[in-house]
Amino acid sequence: MPTTATQPAEPPRSPLDTGSHRGVMTDPAGALRAGPSISGGPSALLFGRAHLVMHGNLAFKAAYGAACLGQPAREVMVNLPRPGFELMDRVLTDGRALAMRVRMPGGDRRLVVAPRKDPETGETYGVIVHLRPIAGG
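Structure (structure tokens):
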């Protein structure tokens, strides 16, 4: 019996392009790839006491440069006032999310800092930081 060759389907470019991956978030509207204006502000995953930048969203990389990855946040986020870093230290130590208003060039921001914990040990190994604009700030 002759077999007919079929054109293979184009593979997905990333797990976001398909809903077939178990446990992977889908992005049907393309919001995650749309750019910094969709993200709501710079966000980053910081690791350890030095707050090394392990991951930054598009807005974070636009604000602080793509070379920020692997660098201490204190050296990257030079426009963040000292109390912002003190808040990061406190969240890392206490393991509880906190937020504060910070004065930055271009206006006031709300700095939200949340702990990242190991699911097996419960140990806080880093923090997530998010800078949101404050209306009228």
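Residue numbering for the sequence shown follows this note's numbering, starting at 2 and increasing by one per position.
Yeah, the Cβ is synthetic: ideal placement off N, Cα and C, and Gly gets one too.
| query | result |
| --- | --- |
| Since L88 and L99 should fall inside the 8 Å C-beta cutoff, what is the C-beta to C-beta distance between them, to a whole number of angstroms? | 6 Å |
| Could you tell me the boundaries of the beta strand (DSSP E) in which P116 lies? | G108 to K118 |
| What are the partner residues of L132, as DSSP defines its beta bridges? | L112 |
| In whole angstroms, give me the CA-to-CA distance for D109 and R102. | 7 Å |
| Are the CB atoms of G127 and M55 within a distance shorter than 9 Å? | yes |
| Am I right that A74 and H52 are in contact with their C-beta atoms under 8 Å? What's the rounded C-beta distance? | 4 Å |
| What would DSSP say about V103, mapped onto helix, strand or coil? | strand |
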